[in-house]
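**Student:**
In UniProt numbering, the protein residues as written are 1 to 203.
1. So, helix, strand or coil for residue 186, using DSSP?
2. Less than 6 angstroms between C-beta atoms, sequence neighbours within five positions excluded: which residues of the same chain meet that for residue 21?
3. In three-state DSSP terms, what is residue 79?
4. Is there a Cβ of chain B sitting closer than 8 angstroms to that of residue 14, yes or no?
5. Alpha helix (DSSP H) containing residue 168: first to last residue?
6. Report the partner residues of residue 102 according to the DSSP bridge assignment.
7. As an exercise, report each continuous alpha helix (DSSP H) stretch of at least 4 residues that is fully enclosed by the UniProt domain "DUF3817" (5-92), in chain order.
8. With distances taken between CB atoms, is the gap from residue 3 to residue 100 smaller than 8 angstroms?
9. Helix, strand or coil for residue 150 per DSSP?
10. Is residue 96 helix, strand or coil by DSSP?
11. Name the residue from 47, 34, 80, 102 whose alpha carbon lies nearest to the alpha carbon of residue 60.
12. Take the Cβ of residue 184 as the centre, count every other Cβ of all protein chains shown within 10 Å, and call the residue buried at 16 or more, exposed below.
13. Consult DSSP for residue 248 and reduce its assignment to one of helix, strand or coil.
14. Can you check which of these residues, 73, 77, 173, is closest to residue 91 by C-alpha distance?
15. Any idea what DSSP makes of residue 141, helix, strand or coil?
16. Which class does residue 122 belong to by DSSP, given the choice of helix, strand or coil?
17. In or out: residue 291 buried (at least 16 other Cβ within 10 Å) or exposed?
18. Using a 10 Å radius around the Cβ and a threshold of 16 neighbouring Cβ atoms, would you call residue 67 buried or exposed?
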């Protein structure tokens, strides 16, 4: 999933769950339907809220947003429906993209499929190729094979900051990292549920 799609999905889901929470409050206080609608809407919204915050930090890190932009993105999550216009705002400013900037951890030039193709073509020249063509292919394969280990993935930048290094690990193992982040959000959500609603935190 690209940074653009991830952030758009998270921002939209956060706004939708705000609607669920507000409808639950209307049902409780306007229709006297009890606490259940608020518990359901609030529970879903709380989980998506945390997921949105994680997504914001991930995209903020990859796209190198200014600190003020990232903080505003986080703070607007507590304002009903504000995440969608903010997502449109960062899109217009060119702060979202279809590809990740940070290179996955452990990926080096010369180890991917694209780097392997010249070597394969050198071993089996195409039909009708001249000796000069074959020689050029072999030289290309030798250049690719001699690329230093640890070089950055073409088109991406190596991680520099601790946050980018963590993101590089996430991009290297996206499924495992996604499950780990999901478990983290679930555990944090469970802790917050035991603490109670935000209105009771300082009582």
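We treat Cβ as the ideally placed atom computed from N, Cα and C, and that holds for glycine. Since the model is a prediction, treat every value here as computed from it, not as a measurement.
**Tutor:** Judging by the given coordinates:
1. Three-state DSSP puts residue 186 in a helix.
2. Taken in chain order, the residues that qualify are 41, 42, 45.
3. Three-state result, residue 79: coil.
4. The chain inventory of the structure shown lacks chain B, comprising one protein chain alone.
5. 162-172 is the span of the alpha helix (DSSP H), which, as asked, contains residue 168.
6. Under DSSP, residue 102 shares a beta bridge with 157.
7. For the alpha helix (DSSP H) assignment, the uninterrupted runs of no fewer than 4 residues enclosed by the UniProt domain "DUF3817" (5-92) are, from N- to C-terminal side, 36-63, 67-75, 83-92.
8. Between residue 3 and residue 100, the gap from beta carbon to beta carbon is short of 8 angstroms.
9. Interpretation of residue 150 is limited by its pLDDT of 48, a score under 50 that renders its predicted location unreliable; the figure taken from the coordinates is listed afterwards. Residue 150 falls in the coil class under three-state DSSP.
10. In the structure shown, residue 96 adopts coil according to DSSP, grouped into three states.
11. Among 47, 34, 80, 102, the Cα nearest to that of residue 60 belongs to 102.
12. That one is exposed.
13. This structure does not reach residue 248, given that the chain is present from 1 up to 203, and the question cannot be answered.
14. Ranking the options by Cα distance to residue 91, first place goes to 73.
15. Its pLDDT being 41, under 50, residue 141 is placed unreliably in this model, and the value from its coordinates should be taken loosely. Shown here, residue 141 sits in a helix according to DSSP, grouped into three states.
16. The predicted position of residue 122 is uncertain, since its pLDDT is 38 and thus under 50; no value can be drawn from it.
17. The chain is shown only over 1 to 203; residue 291 falls outside these bounds and no answer can be derived.
18. By the neighbour-count rule (16 or more Cβ atoms within 10 Å), residue 67 is not buried but exposed.
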